[in-house]
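Note sheet for the following structure.
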Amino acid sequence: MVCPSAEAQDPFPTVGPNSILSPQRLVLETLCKLSIQDNNVDLILATPPFSRQEKLYATLVRYVGERKNPVCREMSMALLSNLARGDTLAARAIAVQKGSIGNLISFLEDGVTMAQYQQSQHNLMHMQPPPLEPPSVDMMCRAAKALLAMARVEENRSEFLLHEGRLLDISISAVLNSMVASVICDVLFQIGQL
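Residue numbers for the sequence shown follow the numbering used here, beginning at 64 and rising by one.
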């Protein structure tokens, strides 16, 4: 997942010219599926060295920020969420990655924006499909829970100060699912405990 070589990142040559399947993407999918079980999260977090874990967090944060690849974006979101909720040290390490909190919030904002677009198109009775499907409620919850896990770590709260207004805007959105809004409100409560 963190290997910078072309062999790790380029698509498999034997799959076909239009394939996007690469070793890195297979590892991402495998880690995402493994992280569903808490015991596996513990094993992932216990795997040394810590510097490799930090590279993993940086890679996942970068993928969450890439809108052009929604599949990798959502798998990265799920894995980041599971890891952040697994341990406070992991939550701290994720929070200090460049752009981590901003990318997670952007993921939520994109979901809200796409849902608003769908709702406005539906109200106008246009039959053209939306450019992108909004993330599922589960994915939005995962993003919010990752933010909550990071906000619960006292050292991370200052990292959230620049994003408080964005979180507030998300929490009061009319199209946001009530479960997601509730978690975002918990995040706002946690960062207000400075």
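Just so it is clear, CB atoms sit at the ideal spot from N, CA and C, and this is done for glycine as well.
- Message: Buried or exposed, going by whether 16 or more other CB atoms sit within 10 Å of the CB of Pro-55?
- Response: The chain is shown only over 64 to 257; residue 55 falls outside these bounds and no answer can be derived.
- Out of Ser-245, Ala-209, Ser-221, point me to the one whose CA is closest to Gln-256's CA. Of the candidates Ser-245, Ala-209, Ser-221, the one whose C-alpha sits nearest the C-alpha of Gln-256 is Ser-221.
- Query: Ordered along the chain, which non-local residues of its own chain (more than five positions away) have a Cβ less than 8 angstroms from that of Met-242?
  - Reply: For Met-242, the CB contacts under 8 angstroms within the same chain, skipping 5 residues up- and downstream, are Val-200, Cys-204 in chain order.
- Item | Distance CB(Val-250)-CB(Leu-230) smaller than 8 angstroms | Going by C-beta atoms, Val-250 is nearer than 8 angstroms to Leu-230.
- Item | Within 8 angstroms, strictly: CB atoms of Asn-166 and Ser-98 | Not closer than 8 angstroms, so no.
- Query: Under three-state DSSP, which class holds Leu-239?
  - Reply: DSSP places Leu-239 in coil when its eight states are reduced to three.
- Task: Tell me whether Ile-235 is buried or exposed, calling it buried when 16 or more other Cβ atoms sit within 10 Å of its Cβ.
- Result: Exposed, since its Cβ has fewer than 16 Cβ neighbours within 10 Å.
- Message: Going by DSSP, what residue range makes up the alpha helix (DSSP H) through Asp-150?
- Response: Going by DSSP, Asp-150 is part of no alpha helix (DSSP H) at all; its letter is neither H nor E.
- Should Val-78 go down as buried or exposed, given a rule of 16 or more other Cβ atoms within 10 Å for buried? So Val-78 counts as exposed.
- Message: Nearest by alpha-carbon distance to Leu-119: which of Pro-67, Asp-73, Phe-252 is it?
- Response: Of the listed residues, the one whose Cα sits closest to Leu-119 is Pro-67.
- Item | Cβ-Cβ distance between Leu-106 and Ala-153 below 8 angstroms | At a Cβ-Cβ threshold of 8 angstroms, Leu-106 and Ala-153 do not count as neighbours.
- Item | Nearest neighbour of Tyr-180, chosen from Phe-252, Leu-239, Leu-143 [CA to CA] | When each option's Cα is compared against that of Tyr-180, the closest is Leu-239.
- Message: For Leu-171 and Pro-80, what's the separation of their Cα atoms in angstroms?
- Response: Cα to Cα, Leu-171 sits roughly 33 angstroms from Pro-80.
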